[in-house]
Amino acid sequence: MSVGLIGKKCGMTRVFNEDGASVPVTVIEALPNRISQIKKKDKEGYSAIQVSSGSVKQSKINKALSGHFVSTKTKPGKNIREFRTSAGNVDEFKIGMELKVNIFKKGQKVDVTGKTIGKGFAGTVKRHNFSTQDATHGNSLAHRAPGSIGQNQTPGRVFKGKKMAGHMGNVRRTAQNLEIIDIDTEKNILLIKGAVPGHPGSDVIVKLAVKYKDQEITLNNPDQTEQTPEAEAQTEQTPAAEAQTEQTPPAEAQTEQTPAAEAQTEQTPAAEAQTEQTPAESSTEEAQIEEQNIDDENKK
Numbered sequence: 013m014s015v016g017l018i019g020k021k022c023g024m025t026r027v028f029n030e031d032g033a034s035v036p037v038t039v040i041e042a043l044p045n046r047i048s049q050i051k052k053k054d055k056e057g058y059s060a061i062q063v064s065s066g067s068v069k070q071s072k073i074n075k076a077l078s079g080h081f082v083s084t085k086t087k088p089g090k091n092i093r094e095f096r097t098s099a100g101n102v103d104e105f106k107i108g109m110e111l112k113v114n115i116f117k118k119g120q121k122v123d124v125t126g127k128t129i130g131k132g133f134a135g136t137v138k139r140h141n142f143s144t145q146d147a148t149h150g151n152s153l154a155h156r157a158p159g160s161i162g163q164n165q166t167p168g169r170v171f172k173g174k175k176m177a178g179h180m181g182n183v184r185r186t187a188q189n190l191e192i193i194d195i196d197t198e199k200n201i202l203l204i205k206g207a208v209p210g211h212p213g214s215d216v217i218v219k220l221a222v223k224y225k226d227q228e229i230t231l232n233n234p235d236q237t238e239q240t241p242e243a244e245a246q247t248e249q250t251p252a253a254e255a256q257t258e259q260t261p262p263a264e265a266q267t268e269q270t271p272a273a274e275a276q277t278e279q280t281p282a283a284e285a286q287t288e289q290t291p292a293e294s295s296t297e298e299a300q301i302e303e304q305n306i307d308d309e310n311k312k
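What the sequence shown shows, in our numbering, is residues 13 to 312, in sequence order.
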C-alpha cells in the first residue's frame, strides 16, 4: 500500500542517538487527515482512498468541493490527495476515518514529497553544480560560463534537456529513503532524518519508501477515530440521555412520598375504634328487643 500522510514542515533541529552522536532531523507535523472518499475498482476502475488534510470553513471553499464534502458527510479540508491501495486492502478503510502518525513505525524508511524553495533565475554553477573556469591564464570574461552547449552544423541545434541557466526551485521533488528517527503520537509529529523539500510551513506528503517492499503501515482502530460530523453530533447528544437518566430521582421522590400513604394507613386505628364500638351498639339492640318481648308478654 502506498498510503501516506499529508503534513506540514515545521523546520529542522537535531537529536542525539544512543551513542551520543548528533543527528539532524526535520520536524513534520501531521495535519488531521480524514478519508473523504473511497474508490473501488469495480466502480472507478482502480482502488484508492481520498484524504483531506487540515480544516477550513464551509464558506471558504467552492460549491463543487462543498457538495463533495456534504455528500460524504465529512469535515471540509484544505488539501485533497489520493493514495493508491490494493483491491484487498481498500475494505480496511472507512469514510471519516482519521489517519495519524502511528500508522508508521520508528526506523521505517519513507519518501517525502514537497515543493522546493524557489531561487529565481540561477546560473549553471549554482543550478547544476558546474565547475568554474580558470581565473587567469587568458580567461577574463567566462569564469562562470557553462562553455560549449552543442556541436557544429550537425546537428545544428541544442538538444532538449541540456543543462543551462534558468529558473531554479519551486518544483515538486521527492527525497527518498529517509529514516524515521522518532514519533510523537501526542503531538502528532514525525522526526525524519535529514532534510526534506520545501520551506518551513509548506505541505509535504510522507509515504513508505517504494524501494523497501517489505514495509507495511499500521491502521488505526476505526472505532477510536473521529467519524462524520453527524455521528459526532449524535455522540454529543448522548449527555441529554444521561440528563434524562439523571431525572429519575423524581421517581424516588414519589417513592419518598409514600410515608403520607403510611400516615393514612396509620389513621386506620380510628376506623378500628369505630368498628370496636359496634359490639356495644349490638348489645343495646338486643336489650331493646328483650324489653319489647317482656312488654308483649305482660300485655298478654
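Using N, Cα and C, we set each Cβ at its ideal position, and we do this for glycine too.
The structure presented is a predicted model; accordingly, all values stated were derived computationally and were not measured.
DSSP three-state call for residue i: helix, strand or coil?
i, result
"T84", "helix"
"I306", "helix"
"L220", "strand"
"L77", "helix"
"D54", "helix"
"K118", "coil"
"I301", "helix"
"L139", "Sequence inspection shows Arg at residue 139; the Leu mentioned does not correspond to that position. Three-state DSSP puts R139 in a helix."
"D103", "helix"
Do residue i and residue j have their C-beta atoms within less than 8 Å of each other?
i, j, result
"A42", "T97", "no"
"I229", "V15", "yes"
"M180", "R139", "yes"
"T144", "V137", "yes"
"K225", "N189", "no"
"I192", "I201", "no"
"V122", "A221", "yes"
"T84", "I107", "yes"
"S214", "K69", "no"
"A187", "V170", "no"
"G57", "V39", "no"
"R46", "G89", "yes"
Who are the Cβ neighbours of residue i in its own chain at under 8 Å, not counting the five residues just before and after it?
i, result
"I217", "G16, L17, I18, G19, R93, V124, T125 and G126"
"F28", "S34 and V35"
"A99", "K52, K53 and S59"
With 16 as the cutoff for other CB atoms within 10 Å, does residue i come out buried or exposed?
i, result
"S65", "buried"
"G32", "exposed"
"I195", "buried"
"T86", "buried"
"R26", "exposed"
"S160", "exposed"
"I50", "buried"
"L153", "exposed"
Who are the Cβ neighbours of residue i in its own chain at under 6 Å, not counting the five residues just before and after it?
i, result
"H211", "I129"
"A134", "M180"
"K175", "H140"
Across which residues does DSSP place residue i in a beta bridge pair?
i, result
"M24", "T38"
"V68", "Beta-bridge pairing links V68 to no other residue."
"K127", "R184"
"D146", "Answer is none; D146 lacks a bridge partner."
"I204", "T38 and I192"
Within a Cβ cutoff of 7 Å, which residues of the same chain sit near residue i, ignoring the five residues on either side of it in sequence?
i, result
"K52", "S59 and V102"
"E104", "L231"
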